[in-house]
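These notes concern the structure reproduced below.
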Amino acid sequence: MGVAIINEGYTDDVMDAARAAGAMGGTVIHAKGSGTQKAEKFYGVSLVNEKEIVLIVAKASEKADIMRRIIKDAGPGTPVGAVVFSLPVSYAAGLNL
């Protein structure tokens, strides 16, 4: 499973790149960054970076191509700012891969 952590609002950019490399689809989860950087404050309220996590389950033979394409099209240095890594999936049901 490929996991992409991206800046909020760029899901379509990541999914376009992933589909171009063979992905069938993905699941998006809303998230908040909580790194070591101090959050900016606006009128005393802490502002945190809103993120999205895109989960893509794909065949093992396609995973590296999908991850490379996301980094190429939407990685660090782009407004998307994608960070991509993979996790093993030992069993999946209900998916047509």
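Residue numbers (our numbering): 12 to 108.
Here a beta-carbon is modelled for each residue, glycine too, at the ideal position from N, C-alpha and C.
Being a predicted model, the structure only gives us computed values, none of them experimental.
When you compare the CB positions of residue i and residue j, do they come within less than 8 angstroms of one another, or not?
{"i": "E61", "j": "I17", "result": "no"}
{"i": "V100", "j": "V65", "result": "no"}
{"i": "M26", "j": "V68", "result": "no"}
What is the residue span of the beta strand (DSSP E) that residue i lies within?
{"i": "A34", "result": "Segment: none, A34 is in no beta strand (DSSP E) and carries neither H nor E."}
State the beta-bridge partners of residue i as determined by DSSP.
{"i": "A15", "result": "V65, V95"}
{"i": "A29", "result": "Looking at the DSSP assignment, A29 forms no beta bridge with any residue, so it has no partner."}
{"i": "T38", "result": "L66"}
Note down, one range per segment and in chain order, each beta strand (DSSP E) of at least 3 residues found wholly within the segment 69-105.
-> 94-97
Quiz item: Is the number of C-beta pairs between the segment 83-91 and the segment 34-43 that are closer than 8 angstroms three or more?
Solution: no
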